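Asker: Take this structure, written in structure tokens, and hold onto it; I'll ask about it next.
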Amino acid sequence: MSEVSSAQPSPRRLWRLGQSLSAKLIALLVAGMVVCFGLLGYLNIRLHRRHLEQSVLASAERISDVIKHSTSYSMLRNDREGLYRTIGTMAAQPGIVRIRIFNKEGRISFSTDPREVGTLVDKRAEACYACHAQAQPIEHLNRPDRFRIFRTASNERVLGIINPIENQASCSSAECHAHPPGQRILGVLDTNLSLAVTDKDLAESTRQMAIYTVLGVTAISLLSGLFVWRVVHDPLTVLKAGTEQLARGDLGYQIQNGGSGEIGELAASFNAMSSQLREAREEITAWTRSLEQRVEQKTRELQRAQDRMLQVEKMASIGKLAAVVAHEINNPMAGILTYTKLLRKWVERGGWDDARRAEVRSSLDLIETESRRCGEIVRNLLTFSRAAPMNLEWSDLNAVLDRCVRLVRHQLKLANIELELQLASELPVVHCDAAQVEQVLLALVMNAIEAMPRGGRLQISSRLAEDADWVELEVRDDGVGIPADVMPQLFEPFFSTKERGHSVGLGLAISKGIVERHGGKISIASEAGRGTSVTFRLPVEALRPEKRNRENAEALASSLGKAR
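Per my numbering, the sequence shown starts with residue 816, numbered consecutively.
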């Protein structure tokens, strides 16, 4: 069964064959021959139809003239019986459908169909329209105007020919039924001939022409296809095989029997190129070995220099950080020292009244506030400088967002800020530390609230990135915005756009560190006076194999325990 299926061409192979140059050439040749042969066949059939119709018209004209001359003697003698007998005999001949005679008033004087005798013919009928199209009847008709083709009730084509009966001198001078000499036309002989035999011959000729055309196109197409296959396809297949060998790294591959003509020259050029590539690869390999040795030597030297630079940079960073911390802590410590000295003087003097006690309480509150500020600076500094261990778990970020919103919902209401949540449905879980992600969200939301002192709208959204490899969380506000000149400094430690004393400038720096430790990215887009948008994305990771194996083992052990 497998041998039969493997022998059949695959759809991909058929598609590639259809896209080949040979197939396109064969299709072009076949299409051209179909068009040419079809046009020739159509013109031949049309010419044959025209010749056949002309022959039929000439035959019909001769039959009408024969009937007219055969009845002229009976007309001169006014022998109606002889006239009708002659016409009836002629009408009995094969192919003649009907013969009738109209007088000058349009009344049917005689017809092979007795039901029509004595009736008037509508001048707008197909037999009369050629003469009576105008108000004054035409006394002379051209030869083409005397013929008409129409269909009967049985859908059979019929050729009608009208033959005017002129008032000849023998008629106008006869004593029996003389007509005035001024009357040019005495009546009309209308003869209807069946075209069934002609149509049958024409259909047979058309069928034979179509068969011969199809056979001719098929034969020439097969010959042309064979020619193209041998002359174009086979040499190109050999050349394609050579390029595939070259692509697989077989430099120096030579094409045998590349053919003649332009394709043969192309095969010779391919062989020359292949030889040059082989020589170039050998030369490059030699240079590569030498270069690798030099690169290894320079790499070791650069590594040593980099180690020295890192040590120097580390020491400079520690010095800068120490200076910043000293500057930040100096102000609150100075306040603490001042109010401590003041309290000592008040204690030494004694005798406190209520006003002095209130001042003491105020001073103690200030000392407490400044002490907490020092502690906050130190804690934030430690958080920023020393990465805390992360408790990574598979977490639903929508649930993390929901917890964060619950924490700040009351504050949003007091600040007259409208909250708009746009949480994506079926968001994949992310391997992260939910508490730290919530810390980042909370910091961003608090920054947004402080950026809208007069109220506004806060948008928090979650979505899956277009490449489905990241989950994106966005916090957007329509607050005061951030000037463009300070945007590059936003993630620097101890930098803040808020008033001095309201922030130590570590929130965004810590948030960036948390996001980057999760393998994510954070970005800010803002325009002064139009609001700020902060977006950070976390990677969607698959369950690690070792964790999956451990969970499978625990599930197996649990099932075995229940079985016991």
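Note that the Cβ used here is the ideal one computed from N, Cα and C, for glycine as well. Only a predicted model underlies this, so the values are computations on that prediction, with no experimental measurement involved.
Which of the three DSSP states, helix, strand or coil, is assigned to E1287?
Answerer: Counting from one through the sequence shown, the residue named residue 1287 turns up at place 472. Note: E1287 maps to strand in three-state DSSP.
Asker: Give the DSSP bridge partners of F925, in chain order.
Answerer: Residue mapping note: residue 925 aligns to position 110 of the sequence shown, counting from 1. Paired residues: I916.
Asker: Are the region 1249-1258 and the region 1210-1227 touching, with three or more C-beta to C-beta distances below 8 Å?
Answerer: Touching, yes, given that three or more Cβ pairs across the two stretches are closer than 8 Å.
Asker: Short check: CB of L1008 to CB of I878, under 9 Å?
Answerer: For the purposes of this step, residue 1008 is taken as residue 193 along the sequence shown, with counting starting at 1. For the purposes of this step, residue 878 is taken as residue 63 along the sequence shown, with counting starting at 1. Yes, they are a contact pair.
Asker: Taking the alpha-carbon of R1272 as reference, which of L1017, R1345, Q1304 has the nearest alpha-carbon?
Answerer: Within the sequence shown, the letter at position 457 stands for residue 1272. The residue among L1017, R1345, Q1304 with its C-alpha nearest the C-alpha of R1272 is R1345.
Asker: Indicate the three-state DSSP secondary structure (helix, strand or coil) for L1001 in the structure shown.
Answerer: On the sequence shown, position 186 is the one that residue 1001 refers to. Judged by DSSP in its simplified three-state form, L1001 adopts strand.
Asker: L1037 by DSSP, collapsed to three states: which one?
Answerer: Position 222 of the sequence shown, counted from the first residue, corresponds to residue 1037. Assignment of L1037 by DSSP, reduced to helix, strand and coil, places it in the helix class.
Asker: Which residue from R1187, R1171, R1352, A1340 puts its Cα closest to that of L1256?
Answerer: On the sequence shown, position 441 is the one that residue 1256 refers to. Here the closest residue by C-alpha is R1352.
Asker: Per the DSSP calculation, F852 is bridged to which residue(s)?
Answerer: Numbered from 1 along the sequence shown, position 37 holds the residue referred to as residue 852. Answer is none; F852 lacks a bridge partner.
Asker: Buried or exposed: where does S1373 fall if 16 or more other Cβ atoms within 10 Å of its Cβ makes it buried?
Answerer: Numbered from 1 along the sequence shown, position 558 holds the residue referred to as residue 1373. Residue confidence is low: S1373 scores 45 on pLDDT, short of 50, so the model does not pin down where it sits. Its coordinate-derived value is still stated next. So S1373 counts as exposed.
Asker: Give the list of continuous alpha helix (DSSP H) stretches no shorter than 4 residues that lie fully inside the region 1196-1251.
Answerer: Here the runs fully enclosed are 1212-1229.
Asker: Please classify M1302 as buried or exposed, where buried requires at least 16 other C-beta atoms within 10 Å of its C-beta.
Answerer: Along the sequence shown, one-based indexing puts residue 1302 at 487. That one is exposed.
Asker: Tell me whether Q1274 sits in a helix, a strand or coil according to DSSP, three-state version.
Answerer: The residue labelled residue 1274 in the question sits at position 459 within the sequence shown. The answer is strand: DSSP assigns Q1274 an E or B state.
Asker: Can you check which of these residues, R1218, S1341, V871, is closest to A1011 by C-alpha distance?
Answerer: On the sequence shown, residue 1011 is found 196 positions in, with the first residue counted as 1. The shortest Cα separation from A1011 among R1218, S1341, V871 belongs to V871.
Asker: Should K1135 go down as buried or exposed, given a rule of 16 or more other Cβ atoms within 10 Å for buried?
Answerer: Residue 1135 sits at position 320 when you count from the first residue of the sequence shown. At K1135, the pLDDT of 47 sits below 50, so the modelled position is not reliable; the number obtained from the coordinates is stated separately. It counts as exposed.
Asker: Leaving out five residues on either side along the sequence, give the residues of the same chain with a beta carbon under 7 Å from the beta carbon of R1096.
Answerer: Along the sequence shown, read from residue 1 onward, the residue named residue 1096 stands at position 281. Contacts found: L1066.
Asker: Helix, strand or coil for P979? Go by DSSP, reduced to three states.
Answerer: Numbered from its first residue, the sequence shown carries residue 979 at position 164. Three-state result, P979: strand.
Asker: When you compare only the Cα positions, how much space is there between C1189 and C1219?
Answerer: Position 374 of the sequence shown, counted from the first residue, corresponds to residue 1189. Position 404 of the sequence shown, counted from the first residue, corresponds to residue 1219. Near 27 Å, if we compare the C-alpha coordinates of C1219 and C1189.
Asker: Please report the straight-line C-alpha distance between Q1274 and D1292, rounded to a whole angstrom.
Answerer: Translated into positions along the sequence shown, residue 1274 becomes position 459. Translated into positions along the sequence shown, residue 1292 becomes position 477. The straight-line gap from Cα to Cα measures roughly 6 Å.
Asker: Can you have a look at M1088 and say buried or exposed, based on whether 16 or more other CB atoms are within 10 angstroms of its CB?
Answerer: Within the sequence shown, numbered from 1, the residue matching residue 1088 stands at position 273. Answer is exposed; the Cβ neighbour count stays below 16.
Asker: Grab the span of the beta strand (DSSP E) containing A1299 for me, first residue to last.
Answerer: Reading the sequence shown from its first residue, position 484 is the one you call residue 1299. Here A1299 belongs to no beta strand (DSSP E), and DSSP marks it neither H nor E.
Asker: In terms of alpha-carbon separation, which member of K1113, V850, L1279 lies closest to P1243?
Answerer: Locating residue 1243 in the sequence shown gives position 428, where the first residue counts as 1. Among K1113, V850, L1279, the Cα nearest to that of P1243 belongs to L1279.
Asker: Buried or exposed: G1335, going by 16 or more other Cβ atoms within 10 Å of its Cβ?
Answerer: Locating residue 1335 in the sequence shown gives position 520, where the first residue counts as 1. With 16 or more Cβ atoms within 10 Å of its Cβ, G1335 is classed as buried.
Asker: Given this structure, state the Cα-to-Cα distance separating R865 from S969, to the nearest angstrom.
Answerer: Here residue 865 refers to the residue found at position 50 when the sequence shown is read from its first residue. Here residue 969 refers to the residue found at position 154 when the sequence shown is read from its first residue. Those two C-alpha atoms are separated by around 24 Å.
Asker: For R1063, which of helix, strand or coil comes out of DSSP?
Answerer: If you number the sequence shown from 1, residue 1063 lands on position 248. Here DSSP, grouped into helix, strand and coil, assigns R1063 to coil.
Asker: Verify whether the separation of the beta carbon atoms of I1297 and L1305 is less than 9 Å.
Answerer: Stepping through the sequence shown from its first residue, residue 1297 is reached at position 482. Stepping through the sequence shown from its first residue, residue 1305 is reached at position 490. Yes. Within cutoff.
Asker: Which two residues bound the contiguous alpha helix (DSSP H) that contains E896?
Answerer: Looking up residue 896 in the sequence shown gives position 81. Here the alpha helix (DSSP H) through E896 covers 895-906.
Asker: Hey, how far is the Cα of A1283 from the Cα of V1355?
Answerer: Position 468 of the sequence shown, counted from the start, is the residue given in the question as residue 1283. Position 540 of the sequence shown, counted from the start, is the residue given in the question as residue 1355. Cα-Cα distance, rounded: 8 Å.
Asker: Whole angstroms is fine: what's the gap from S1277's alpha carbon to K1156's?
Answerer: Here residue 1277 refers to the residue found at position 462 of the sequence shown. Here residue 1156 refers to the residue found at position 341 of the sequence shown. The alpha-carbon atoms of S1277 and K1156 are separated by roughly 54 Å.
Asker: For L1017 versus K919, is the C-beta spacing smaller than 9 Å?
Answerer: Counting from one through the sequence shown, the residue named residue 1017 turns up at place 202. Counting from one through the sequence shown, the residue named residue 919 turns up at place 104. Note that the C-beta distance between L1017 and K919 is not below 9 Å.
Asker: Give the C-beta separation of M1261 and G1294 to the nearest angstrom, bearing in mind that I take them to be a contact with Cβ-Cβ under 8 Å.
Answerer: Position 446 of the sequence shown, counting from 1, holds the residue named residue 1261. Position 479 of the sequence shown, counting from 1, holds the residue named residue 1294. Contact doesn't hold; Cβ gap of about 12 Å is too wide.
Asker: For R930, which of helix, strand or coil comes out of DSSP?
Answerer: Here the question's residue 930 lines up with position 115 in the sequence shown. Three-state result, R930: helix.
Asker: Got a sec? Which residues, its chain only, sit under 7 Å from W1044 by beta carbon, not counting five neighbours each side?
Answerer: Against the sequence shown, residue 1044 aligns to sequence position 229. Contacts found: S837.
Asker: Determine which residues share a DSSP beta bridge with P1354 and list them.
Answerer: Taking the sequence shown and counting its residues from 1, one reaches residue 1354 at position 539. Looking at the DSSP assignment, P1354 forms a beta bridge with W1285.
Asker: Put I841 into one of helix, strand or coil per three-state DSSP.
Answerer: Here residue 841 refers to the residue found at position 26 of the sequence shown. DSSP places I841 in helix when its eight states are reduced to three.
Asker: Please state whether DSSP places R1292 in a helix, a strand or coil.
Answerer: Counting from 1 along the sequence shown, the entry for residue 1292 is found at position 477. In the sequence as presented, Arg is not what sits at residue 1292; that position holds Asp. Strand.
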